[in-house]
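Engineer: Handing you this structure, nothing more for now.
There are 2 protein chains.
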Amino acid sequence: MAHQQWHCGPAGCPPHGKRRRGEALEQAILAAAVRELAEVGYDAMTVEGVAARAHTGKAALYRRWPAKEDLVVDALHFMLPPCGALPDTGSVRDDLVELLSAMAATIRTPAGTAMQRMLGSQRCAPEILETVHGKVIGPRREMLLEALRRGAQRGEVRPDAVTVLVAQVGSAMILQHLADDDRPVDRRVVEEIVDQVVMPLLRP
Amino acid sequence: MAHQQWHCGPAGCPPHGKRRRGEALEQAILAAAVRELAEVGYDAMTVEGVAARAHTGKAALYRRWPAKEDLVVDALHFMLPPCGALPDTGSVRDDLVELLSAMAATIRTPAGTAMQRMLGSQRCAPEILETVHGKVIGPRREMLLEALRRGAQRGEVRPDAVTVLVAQVGSAMILQHLADDDRPVDRRVVEEIVDQVVMPLLRP
DNA sequence: GCGATAAAGAACGCAAGCGTATACTAATCG
DNA sequence: CGATTAGTATACGCTTGCGTTCTTTATCGC
Chain Y
874 MAHQQWHCGP
884 AGCPPHGKRR
894 RGEALEQAIL
904 AAAVRELAEV
914 GYDAMTVEGV
924 AARAHTGKAA
934 LYRRWPAKED
944 LVVDALHFML
954 PPCGALPDTG
964 SVRDDLVELL
974 SAMAATIRTP
984 AGTAMQRMLG
994 SQRCAPEILE
1004 TVHGKVIGPR
1014 REMLLEALRR
1024 GAQRGEVRPD
1034 AVTVLVAQVG
1044 SAMILQHLAD
1054 DDRPVDRRVV
1064 EEIVDQVVMP
1074 LLRP
Chain R
874 MAHQQWHCGP
884 AGCPPHGKRR
894 RGEALEQAIL
904 AAAVRELAEV
914 GYDAMTVEGV
924 AARAHTGKAA
934 LYRRWPAKED
944 LVVDALHFML
954 PPCGALPDTG
964 SVRDDLVELL
974 SAMAATIRTP
984 AGTAMQRMLG
994 SQRCAPEILE
1004 TVHGKVIGPR
1014 REMLLEALRR
1024 GAQRGEVRPD
1034 AVTVLVAQVG
1044 SAMILQHLAD
1054 DDRPVDRRVV
1064 EEIVDQVVMP
1074 LLRP
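Encoded structure:
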């Protein structure tokens, strides 16, 4: 006779009271996968862990995805942060602060952490890397470049500073900052980076 | 009756003809650990794999290190790339190209790759992270700063550009470049980074 | 309400990898 | 040379995690 005792994940929260099915359960599983990915990374992630976080069993997972990898791919598609609109404050400096702050905030999100860990992981499929580059990294780089282009049209930016290389400086510095000590990169740090590093690069 | 058949690693090479002992074997094991670390990363590294690469058995490993982690710590100490002398060409630009090229080359080394993978790994002990920071990252950042300081004394560098933040720009860009596509960062790329990004930051 | 469906939860077989133990053999030292 | 030390090779037990299967039970369509 089973004890009918809720095993309840680490948080000790009860399993949503009622039993979920179909779409609702699928979303919960994907969200759990993202959290698992963010907290322990891809290599250490386990199917059992995801199931426990979603307050369900492995069977519910394997009914939907043939293998762990497929779940991860779907989870990434599910959670990859949307790009947001390109800010247009009228000044490159403020556009850049805006953009980079948004990026920094995104990275601290569970989804962002998961993404970062995926990129750092050695065992993830090339398909995953491509997805991340195509949906997250590429667009943001393009947005940074666009901000520079507009600045150049306004005469704020030296025309030959409109380069992929220059566009990447801000994000590279933010990532470097996170690598050192992964505390939240607050707006102050972003402004420091923009004012001390990026802006001096752009002046005509 | 054992077949006395050499299992011989992936390369199929015979086990050094004679049987190694003591110091010689220890060095071989550490070197093998570094290669394993570089090729498959910390998470996927196995003791059996290291033993096979070193053409020896696990027993020889466990006689020296109580656990996998201790082997890794020793392997890191064994292989951490030495810093080299601070170049002094008389121009910041050339000093920086020199320094950053050396860093880029180091990263492509097996030892460098191993280090990078350690930092990216989620499961490595904090002790390892501290070792890497103390012996590799810290000193190199200090060298970059010193190059800036000397440039400032010569009047090549705007004094208030002598900052940790500015010093890190070059290395951040190199790492970013590797993250995109991990092809060798050749001197041309380093010069591009220095000339297009770092130098414009320093001009008085 | 009633049957079909699918979720929850646990058990299982399997493979990989850690760390240990054992038998044998080569190297070194007295 | 003979004894001791230490490396080679292999096998074993143990744990972990994958993927499967089974029973019980809640939910949904009719």
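Heads up: the sequence lines are chains Y and R, in that order. The first sequence: position 25 = 898 (the working numbering), numbered continuously. The second sequence: position 102 = 975 (the working numbering), numbered continuously. Backbone N, C-alpha and C define an ideal beta-carbon position, used for all residues, glycine too. On a predicted model such as this, the values are computed, not experimentally measured, just so you know.
1) Would you mind telling me which residues of chain Y sit closer than 8 Å to R:Lys-1073, beta carbon to beta carbon, in chain order?
2) Could you check the C-alpha separation between R:Val-1009 and R:Val-1071 for me, to the nearest Å?
3) Give a yes or no on whether the C-beta atoms belonging to Y:Val-1063 and Y:Val-970 are separated by under 7 Å.
4) Near Y:Val-1035, which residues of its chain fall below 6 Å by C-beta distance, leaving aside the five closest residues on each side in sequence?
5) Between the Cα of Y:Ala-897 and the Cα atoms of Y:His-928, Y:Val-913, Y:Val-920, Y:Asp-916, which residue gives the shortest distance?
6) Can you grab the Cα-Cα spacing for the pair Y:Cys-881 / Y:Glu-1000, in whole Å?
7) In or out: R:His-1050 buried (at least 16 other Cβ within 10 Å) or exposed?
8) If the cut is a Cβ gap below 8 Å, which residues of chain R does Y:Leu-903 touch?
9) Compare the C-alpha of Y:Gly-985 against each of Y:Asp-967, Y:Leu-944, Y:Cys-956 and name the closest.
10) From Y:Leu-972, Y:Val-965, Y:Arg-966, pick the residue whose C-alpha is nearest to that of Y:Ala-958; which is it?
11) Using the three-state DSSP reduction, which class does Y:Val-945 fall into: helix, strand or coil?
12) What residue does the alpha helix (DSSP H) around R:Val-1058 start on, and which one ends it?
13) Please compile the residues from chain R whose C-beta is within a distance smaller than 8 Å of the C-beta of Y:Ile-1066.
14) Chain R partners of Y:Met-1016, CB-CB under 9 Å?
15) If I measure Cβ to Cβ from Y:His-876 and keep anything under 6 Å in the same chain, skipping five residues before and after, which residues do I get?
16) Quick one, are the C-beta atoms of R:Arg-926 and R:Ala-905 less than 7 Å apart?
17) Taking C-alpha atoms, which residue in Y:Pro-1077, Y:Gln-989, Y:Gln-1069 lies nearest to R:Ala-1052?
18) Under 8 Å Cβ-Cβ, which residues of chain Y neighbour R:Gln-1026?
19) With DSSP as the reference, label Y:Leu-959 as helix, strand or coil.
20) Quick one: what does DSSP say Y:Ala-884 is sitting in, helix, strand or coil?
21) Just to check my reading of the structure: Y:Ala-948 and Y:Leu-934 have Cβ atoms closer than 8 Å, yes? What is that Cβ distance to the nearest angstrom?
Structural biologist: Answer, in terms of the structure:
1) Within the second sequence, residue 1073 of chain R is the residue found at index 200, counting from 1. Checking the sequence shown, residue 1073 of chain R turns out to be Pro, not Lys. Correct list: Ala-1034, Pro-1073, Leu-1074.
2) Start at 1 with the first residue of the second sequence, and residue 1009 of chain R comes out as number 136. Start at 1 with the first residue of the second sequence, and residue 1071 of chain R comes out as number 198. Distance between the alpha carbons of R:Val-1009 and R:Val-1071: 21 Å.
3) What you label residue 1063 of chain Y is simply residue 190 of the first sequence in a count that begins at 1. What you label residue 970 of chain Y is simply residue 97 of the first sequence in a count that begins at 1. Going by C-beta atoms, Y:Val-1063 is nearer than 7 Å to Y:Val-970.
4) Position 162 of the first sequence, counting from 1, holds the residue named residue 1035 of chain Y. Excluding residues within five positions, the ones whose Cβ falls inside 6 Å are Leu-1021, Arg-1022, Ala-1025.
5) Along the first sequence, read from residue 1 onward, the residue named residue 897 of chain Y stands at position 24. When only C-alpha atoms are compared, the closest one is Y:His-928.
6) Stepping through the first sequence from its first residue, residue 881 of chain Y is reached at position 8. Stepping through the first sequence from its first residue, residue 1000 of chain Y is reached at position 127. Caution applies to Y:Cys-881, whose pLDDT of 39 falls short of 50 and renders its modelled position unreliable; the value that the coordinates give is listed next. Going by the C-alpha atoms only, they are around 33 Å apart.
7) Mapped onto the second sequence, residue 1050 of chain R falls at position 177. R:His-1050 should be labelled buried.
8) To locate residue 903 of chain Y, count along the first sequence from 1; it is residue 30. Chain R residues near Y:Leu-903: none, gap ~21 Å exceeds 8 Å.
9) To locate residue 985 of chain Y, count along the first sequence from 1; it is residue 112. Checked all of Y:Asp-967, Y:Leu-944, Y:Cys-956; the closest Cα to Y:Gly-985 is Y:Cys-956.
10) On the first sequence, position 85 is the one that residue 958 of chain Y refers to. Checked all of Y:Leu-972, Y:Val-965, Y:Arg-966; the closest Cα to Y:Ala-958 is Y:Leu-972.
11) Within the first sequence, residue 945 of chain Y is the residue found at index 72, counting from 1. The answer is helix: DSSP assigns Y:Val-945 an H, G or I state.
12) Walking along the second sequence from the start, residue 1058 of chain R turns up at place 185. Premise fails: R:Val-1058 is in no alpha helix (DSSP H) and is neither H nor E.
13) Position 193 of the first sequence, counted from the start, is the residue given in the question as residue 1066 of chain Y. Neighbours of Y:Ile-1066 on chain R, chain order: Leu-1038.
14) As a first step, residue 1016 of chain Y must be located in the first sequence, where it is residue number 143. None at all; the shortest Cβ gap to chain R is about 16 Å.
15) As a working note, residue 876 of chain Y is residue 3 in the first sequence. Because the pLDDT of Y:His-876 is 35, which lies under 50, any placement of that residue in the model is unreliable, and the question is left without a value.
16) The count along the second sequence starts at 1 and reaches residue 926 of chain R at position 53. The count along the second sequence starts at 1 and reaches residue 905 of chain R at position 32. For R:Arg-926 and R:Ala-905, yes; Cβs fall inside 7 Å.
17) Here the question's residue 1052 of chain R lines up with position 179 in the second sequence. Comparing Cα positions, the closest option is Y:Gln-989.
18) Residue mapping note: residue 1026 of chain R aligns to position 153 of the second sequence, counting from 1. The contacting residues do not exist; R:Gln-1026 stays about 20 Å from chain Y at best.
19) Residue 959 of chain Y sits at position 86 when you count from the first residue of the first sequence. Residue state, collapsed to three classes: coil.
20) Translated into positions along the first sequence, residue 884 of chain Y becomes position 11. Confidence at Y:Ala-884 is low in this model, with a pLDDT of 41, below 50, so the placement of that residue is unreliable and no value is reported for it.
21) The sequence position of residue 948 of chain Y within the first sequence is 75, counting from 1. The sequence position of residue 934 of chain Y within the first sequence is 61, counting from 1. That pair is no contact at about 11 Å.
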